[in-house]
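Encoded as structure tokens, the structure appears first; notes follow it.
Protein chains: 2
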Amino acid sequence: MLKLTKKADYGLIAMRHLTTVYPRSASAKDISDHYGLPAPVLAKILQTLVRGGFLASEHGANGGYRLSRGPELITAFDIVRTIDGPIFLTSCFTENGDCEHHKKCSIRDPLRRIHEGIISLLNKMTMSELAADADPVSGNSPIGMVSSANLTILNRQQL
Amino acid sequence: MLKLTKKADYGLIAMRHLTTVYPRSASAKDISDHYGLPAPVLAKILQTLVRGGFLASEHGANGGYRLSRGPELITAFDIVRTIDGPIFLTSCFTENGDCEHHKKCSIRDPLRRIHEGIISLLNKMTMSELAADADPVSGNSPIGMVSSANLTILNRQQL
DNA sequence: TCAATGTAGGACCTAAACAGTCGGATTTGC
DNA sequence: GCAAATCCGACTGTTTAGGTCCTACATTGA
Chain A
1127 MLKLTKKADY GLIAMRHLTT VYPRSASAKD ISDHYGLPAP VLAKILQTLV
1177 RGGFLASEHG ANGGYRLSRG PELITAFDIV RTIDGPIFLT SCFTENGDCE
1227 HHKKCSIRDP LRRIHEGIIS LLNKMTMSEL AADADPVSGN SPIGMVSSAN
1277 LTILNRQQL
Chain B
1127 MLKLTKKADY GLIAMRHLTT VYPRSASAKD ISDHYGLPAP VLAKILQTLV
1177 RGGFLASEHG ANGGYRLSRG PELITAFDIV RTIDGPIFLT SCFTENGDCE
1227 HHKKCSIRDP LRRIHEGIIS LLNKMTMSEL AADADPVSGN SPIGMVSSAN
1277 LTILNRQQL
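Protein sequences appear in the order of chains A and B. Per this note's numbering, residue 1127 is the first one in the first sequence, and the count goes up by one each step. Per this note's numbering, residue 1127 is the first one in the second sequence, and the count goes up by one each step.
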């Protein structure tokens, strides 16, 4: 279906949130409460991003996650790729080569151009841009009026 | 994982083949033999493309499938969308709107730009272009030296 | 020192989608 | 009439996404 996984969605939402508070940190619970995301899932995603080198974690009380570098140095491609693994437009190409058979499987080369175009698009979108037209997170969150419980239900159905 | 399904791959391969023989037709078996694709699966894909209006079918002996219009009027987006269904970059948007909750889910607008970029890329790739740098199918197919059985095995593992 | 709060990480379960198979009906050319 | 082809629906197995649960470890504040 050519779409991002929910995990990648969650990861982007979390990264955007961390961008808005940068260079401060936020806990997984803060973020999951704020957007109505399932907390354990988000926690795992954040841990993955730590391993990927895009986040730094702070243990203990008042701990949380923080961007490991400036938001202009992290792209949507970084996040999606870290969470979802390598992106293939078609199964015909892997990261380090092509499928061996079908020397003339014929659609490979044209699709490769599209494939590279998509990666380029994702690579141009930095966290700074992702957060650009977003409200600062402080104070009057527009989501504050909806109960967390309702959000969770909506998530299950629609997100 | 942001990739096309095998069915979409198969569909594109078949459409490219039919482009190279256009305006003649080819049977599902011709195509599946030629590329080592599973015949019943391919048949179903072709039927889907008929319903989508991109192929015309000819019943009976010597029947087969034929492009219903010029290859420059059919795009990769048409095919992928017909086979795999609507393309969403993120679950947040459906074809006719956005997810209702998260009025400020915040990553929607930036991702929408990427989403539209991807569709635009796919929409610019016509069947003519897809087939442009391909060998004509006649006579000395470069795949002729590999047995069909081997191809099938390779397909299972790698395609 | 102890409890609260946080990250870290593995095992496990469920539902959905993908990929493919099978059987049968219909149409057409010889 | 027979063979070759499209057509159509139902069915199955496998993978993966999505989510839950449990435990261990680290840090902070009282």
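Yeah, the Cβ is synthetic: ideal placement off N, Cα and C, and Gly gets one too.
Within the stretch 1234–1262 of chain B, the runs of alpha helix (DSSP H) that reach at least 4 residues and sit entirely inside it are, in chain order, 1234–1250, 1253–1258.
Looking at the backbone, the Cα of Ile1240(B) and that of Val1147(A) are separated by about 24 Å. Exposure of Leu1199(B) is indicated by the presence of fewer than 16 other C-beta atoms within 10 angstroms of its C-beta. When DSSP states are grouped into helix, strand and coil, Ala1182(B) belongs to the strand group.
Around the beta carbon of Arg1142(A), 16 or more other beta carbons lie within 10 angstroms, which makes this residue buried.
For Leu1168(B), the uninterrupted alpha helix (DSSP H) run begins and ends at 1165–1177, by DSSP. For Gly1190(A), the three-state secondary structure derived from DSSP is strand. As computed with DSSP, Ala1152(A) is found in a beta bridge with Tyr1191(A).
Taken through DSSP and simplified to helix, strand or coil, Thr1131(A) comes out as coil.
At a cut-off of 8 Å, the C-beta of Asp1204(B) has no neighbouring C-beta in chain A. With respect to the C-alpha of Asn1188(A), the residue from Thr1201(A), Ala1152(A), Pro1197(A) having the closest C-alpha is Ala1152(A). Taking CB atoms only, Glu1255(B) has a neighbour in chain A less than 8 Å away. Lys1170(B) is the residue among Leu1128(B), Pro1149(B), Lys1170(B) whose C-alpha sits nearest the C-alpha of Tyr1136(B). Of all residues in the stretch 1127–1139 of chain A, only Met1127, Leu1128, Lys1129, Leu1130, Thr1131, Lys1132, Ala1134, Asp1135, Leu1138, Ile1139 come within less than 9 Å of chain B when Cβ atoms are compared, listed by chain position.
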